[in-house]
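Here's the structure, in structure tokens; my notes come after.
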Amino acid sequence: MRSTGLFCVEEAVKLHTFAPSKVAVMEYNFTEIEQCWQQYWAKNKTFKVEIDPLRPKFYVLDMFPYPSGAGLHVGHPLGYIASDIYSRYKRLKGYNVLHPMGYDAFGLPAEQYAIQTGQHPAVTTQKNIARYREQMDKIGFSYDWDREVQTCDPDYYKWTQWAFIEMFHSYYCCDEQQARPISELEEAFALQGVGGLNAACTEKLDFSAAQWNAMSEQEKQDVLMNYRIAYIGETAVNWCSALGTVLANDEVKDGFSVRGGHPVEQKKMKQWQLRVSAYAERLLNSLETLAWSDSLKEMQRNWIGKSEGAEMVFKVGNDSEEYDMCVFTTRADTVFGVTFMVLAPESDWVEKLTTPGQKEAVAAYLLEAKKKTERERMTETHKVSGVFSGSYAVNPFTGEKLPVWISEYVLAGYGTGAIMAVPAHDSRDYVFAKQFDLPIVPLIQGCDVSLESFDAKEGVMCNSGFLNGMSVKEAIPAAIHEVERLGIGKRQVNYRLRDAIFSRQRYWGEPFPIYNKDGVAMPMPIEALPLELPDVDAFLPTETGEPPLGRAKDWNYQGCPIEKSTMPGFAGSSAYYLRYMDPRNHDALVSREANDYWRDVDLYIGGTEHATGHLIYSRFWNKFLYDRGYICQDEPFKKLVNQGMIQGRSNFVYRVVNTNTFVSLGLKEQYDTTELHVDVSLVQNDRLDVEAFKAWRPEFAAAQFIFEEGVYICGWAVEKMSKSMHNVVNPDRICADYGADTLRMYEMFLGPLEQAKPWDTNGIDGVHRFLKKVWRLFYDKEQYAVTQEAPSARELKALHKLIGKVESDIEQFSFNTSVSAFMIFVNELMELKCRKQAILEPFLIVLSPFAPHITEELWKQLGYSQTISQAQYPQYNGSFTLEHTFEYPVSVNGKLRFKKELPLEMSQEQVQQAILADPQLEKFLGGALVKKVIVVPGKIVNVVC
RNA sequence: GCGGGUAUGGCGUAAUUGGUAGCCGCGCUAGACUUAGGAUCUAGUGCCGAAAGGCGUGGGGGUUCGAGUCCCUUUACCCGCACCA
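The numbering of the first sequence is our numbering, which starts it at 467 and goes up by one.
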């Protein structure tokens, strides 16, 4: 709101003396300004938002942080600054902006720390949160802190537990493509058994209504468990013995745990799981509706890993028995080239198909395979190993006898854990066939498989019975069609996406609201929530190998034992964006009213590291809640921007070997030196602060230096920002030295938001200088110098150029170029000696999202009684029209010669006339006659002679 | 191996989206002011050259009057996935 005419300059200055605190007017005192405004915002709850049906909503979300003990470094706030700029911008545009923040507070590091120190994770976590909050407050974010959530707060995790129970009470109906109450399934079983139902399940079951009705309660519960969306199932899991827990696929990288880097092995265990795989197709399809980066969407597509093919049944057996074995293939067309079959070592078929004669060899091979860690398996991918089972399969098309082998290169968890091997057209089968001297039958005309397989899906089929003469593209559907006609298989889609393993044998997580009824294995939900995390005497597993919760005293539900695992990290972060909409609601995760208004996240900013974890799980979680009618949007995050990681810029000193003498970078080649990391806080613009260096470590107190031109120059390199590299830059220090506004603008100025870039404090002076210049526009030699003069056309043009540029930059998240535009503009005002209020006012408005503290302060000087964040954004478009001219580049015979400025509205003919009449043209024609003049309106004029 | 991306001065980057490459900032050079400072201001700064001029967007080729931008090819680096049949 603008108090037009009420305040003149003198009034504004007077008003200033009653400012929230006494700010020194004369120079840019960022410390006082920032403190003053941060207190003002907090006291007045400036950024508190409520539902306002009269205004459009806009939801800007940051990925909430895990509050680690190390605190924030300068890289963490990058995304927060960008989202804050966007939020403030949207507020100026009149939107009702929801911009909350909270903490992902359950997790491993706090627990590991607890094991070492005995300090309760809750205590460490609260301490870290306080530190994070303090650091964030200094940067001047416009969060509505009244909506803060912490995932370890029982009032919050009540709703994590609630969602889990809802999933327990639901199954996935594949016909409707929707989660539905499990009670519907029970009713259907009682009426018709399993027949005709198409529900996502762990294992295909077959029973009639009569059989169902005859089952005991325990048996019925076991059957239902096969269909629940949150279920217990036995599966191969990633077991990390160092951490004493299972891990999800996204928590494992290269055979090591992401947290801690401990080795991980495959193990079959009974675990709680979420039936994410049921949602694979929907998770894939609705990616198209999202405004996410292509690379991120591609990552999710790869992770979901859809592949279309066929399931085909092969008769397998030996002298004693015969079975139908199903395999999955994407290349049904190559069925005439199958020369052997391969089973995964973990496959159930191994036991059935191993003949007595091969028993010993197979057992030896299985033992060998089991001993290997996941890591070894991966690094040894080129080594071929395997063993013959003794049994044979029959090719359903040729009747040929195919030996069944067992090999590690077939994965138990994908498809059916068994494959048909076509060595001529699959490189893995080819290598295996060569190793064990199995036949290779080429199926594509003219292909040469003497040295390697021909994997490409192109060419014309041969040696393939009815498929001969077809192209591969025609043969694939034709083969599947034939398989279906013969009733030996069907079209089948497979996904790489697995169900999410949901138990962790850890302490610091959400307890499962589950107890075992009557002490037997019949898990039932505890509906009275929250089920709070109990206290334990130590945070380690019990002597009997139970999870830490096994230590809790009197931990039972109506005398029955309670589930002792806790939920994984992604549980608490899967629906936090919904809770922000209505964070203090005791009756629901989010009220209908709040959800109808805020709906979904319009802009989500965070790192790529969550591409296959959090961003899959929360989409799944959201879709589930949507199916069950609790929320109104199918997808949670409409637009997503990944900020690039900020790396560290390390500095080095060079010690001459066997001395305590350090040589400057430029002279180091003359000596034999060792490179040492030096703390970056001791270095300014690559110059070492020698005294600070001596004081840094006792062993350097007596250090000698070989200078170049009187100073010590350090070397540098880009590395990950970490303590051990001594390159961590703390935002607090930047705020203290330069101010939060400088930090904010500098982080944006560093480069494109989405690009990874090293932090380099060296350039920060330029941005700081810019803010000082802004201040000096208002105060000339200690005098308040803003005038009421009318602006000139040139000044207005510069202003409108700035507004247009900054607006389009913010919309495109191109914040670095906005900062440049501000600098250009201020330089121009300086040059014009322009201190006119009519120019400065709108300038401050567009600058305010970037540098909110200084602009609020100066805004106040101009006589505004409220913070600009509450002001509507004046467009300033009506007062001045931009000149519509264009500088036509004129080329003569293809060579660019000069530029001519002409009105844009001119017709082609008029432009031609104007160019021909231009005296400059004569110089370049060299007397030749003009043959043709080509005018590209608004682009270029070509003269041909 | 598959997929995605990047490449421009000493450095971070920009380029009206096919129109005079190098905006803005750092750094550097020179100067001014100054009871020296990591303050401020002025001028210069892609490369070669005394200059005229020439050369310049990782390399090679192409389309076009005109290419950093589009197409083909090649190299280097970064990221993701990886025995997924």
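Ideal Cβ placement from N, Cα and C applies to all residues, glycine included.
Distance check for residue j and residue i, CA to CA, integer angstroms please.
i	j	result
G931	A941	11 angstroms
M927	P531	56 angstroms
L933	E874	32 angstroms
S1084	G1176	58 angstroms
A708	H728	6 angstroms
M990	Q824	45 angstroms
N495	G606	16 angstroms
W1325	N1051	38 angstroms
H635	R694	7 angstroms
E1185	G1110	14 angstroms
K1089	A878	29 angstroms
R1301	E1307	10 angstroms
G1016	S1280	53 angstroms
G771	V1107	23 angstroms
V938	K818	35 angstroms
L520	D1062	14 angstroms
V489	E498	Interpretation of V489 is limited by its pLDDT of 40, a score under 50 that renders its predicted location unreliable; the figure taken from the coordinates is listed afterwards. The straight-line gap from Cα to Cα measures roughly 6 angstroms.
R1058	L657	35 angstroms
W1021	F1005	15 angstroms
E642	L663	11 angstroms
A410	D914	A question about residue 410 goes unanswered here, because the residues of the chain that appear run from 467 up to 1411.
F1244	A1206	20 angstroms
Report back the beta-carbon spacing between residue i and residue j to the nearest angstrom; my notes put them in contact at under 8 angstroms.
i	j	result
M778	T795	6 angstroms
C618	T583	With a Cβ gap of about 18 angstroms, C618 and T583 do not count as contacting.
I1320	W1241	7 angstroms
P1014	R972	7 angstroms
Q601	D1198	6 angstroms
F1215	V1233	6 angstroms
Taking all protein chains shown into account, do 16 or more other C-beta atoms lie within 10 angstroms of the C-beta of residue i, making it buried, or fewer, making it exposed?
i	result
S1040	buried
Q1278	exposed
V959	exposed
P1034	buried
V589	exposed
D892	buried
H947	exposed
A645	buried
Q737	buried
T470	With a pLDDT of 24 at T470, under the threshold of 50, the predicted position of this residue should be treated as unreliable, though the coordinate-derived value follows. Exposed, by the Cβ-count rule.
L1142	exposed
A1202	exposed
A899	buried
A1383	exposed
R767	exposed
List the residues that DSSP assigns as beta-bridge partners of residue i.
i	result
P869	Y858
M567	In the DSSP output, where bridge partners are listed per residue, M567 has none listed.
K736	E700
Q1170	T1127
K1105	A757 and L1069
D528	I1071
D790	K781
P1022	Rather than Pro, the amino acid found at residue 1022 in this sequence is Asn. According to DSSP, which records beta bridges pairwise, N1022 is partnered with P1027.
C639	Q644 and A665
G775	Q958
G443	Absent from the structure is residue 443, since the part of the chain shown begins at 467 and ends at 1411.
E731	W705
Got a sec: does the ligand GTP put a non-hydrogen atom nearer than 7 angstroms to the Cβ of residue i?
i	result
S1084	This structure lacks the ligand GTP; in fact it carries no ligand of any kind.
(request) Could you name each continuous beta strand (DSSP E) segment of 3 residues or more that falls completely within the stretch 1035–1074, going from the start of the chain to the end? (result) Under the rule that a run must span 3 or more residues, the beta strand (DSSP E) segments found entirely inside the stretch 1035–1074 read 1067–1072.
(request) Return the chain-ordered ranges of every beta strand (DSSP E) run that is complete within the stretch 897–960 and spans a minimum of 3 residues. (result) Runs of the beta strand (DSSP E) inside the stretch 897–960: 955–960.
(request) At 4 residues or longer, and completely inside the stretch 1214–1289: list those alpha helix (DSSP H) runs for me, N to C. (result) The stretch 1214–1289 contains these whole alpha helix (DSSP H) runs: 1230–1244 and 1259–1277.
(request) Could you tell me which uninterrupted alpha helix (DSSP H) segments, each at least 4 residues in length, are contained entirely in the stretch 1129–1213, listed from first to last along the chain? (result) When DSSP assignments are scanned along the stretch 1129–1213, the uninterrupted stretches of alpha helix (DSSP H) that are 4 or more residues long and fall wholly within it turn out to be 1156–1162 and 1197–1204.
(message) My parser needs the beta strand (DSSP E) runs of 3 or more residues fully inside the stretch 641–724; what are they?
(response) Scanning the stretch 641–724 from its first residue to its last, the whole beta strand (DSSP E) runs of 3-plus residues come out as 644–647, 696–706 and 711–713.
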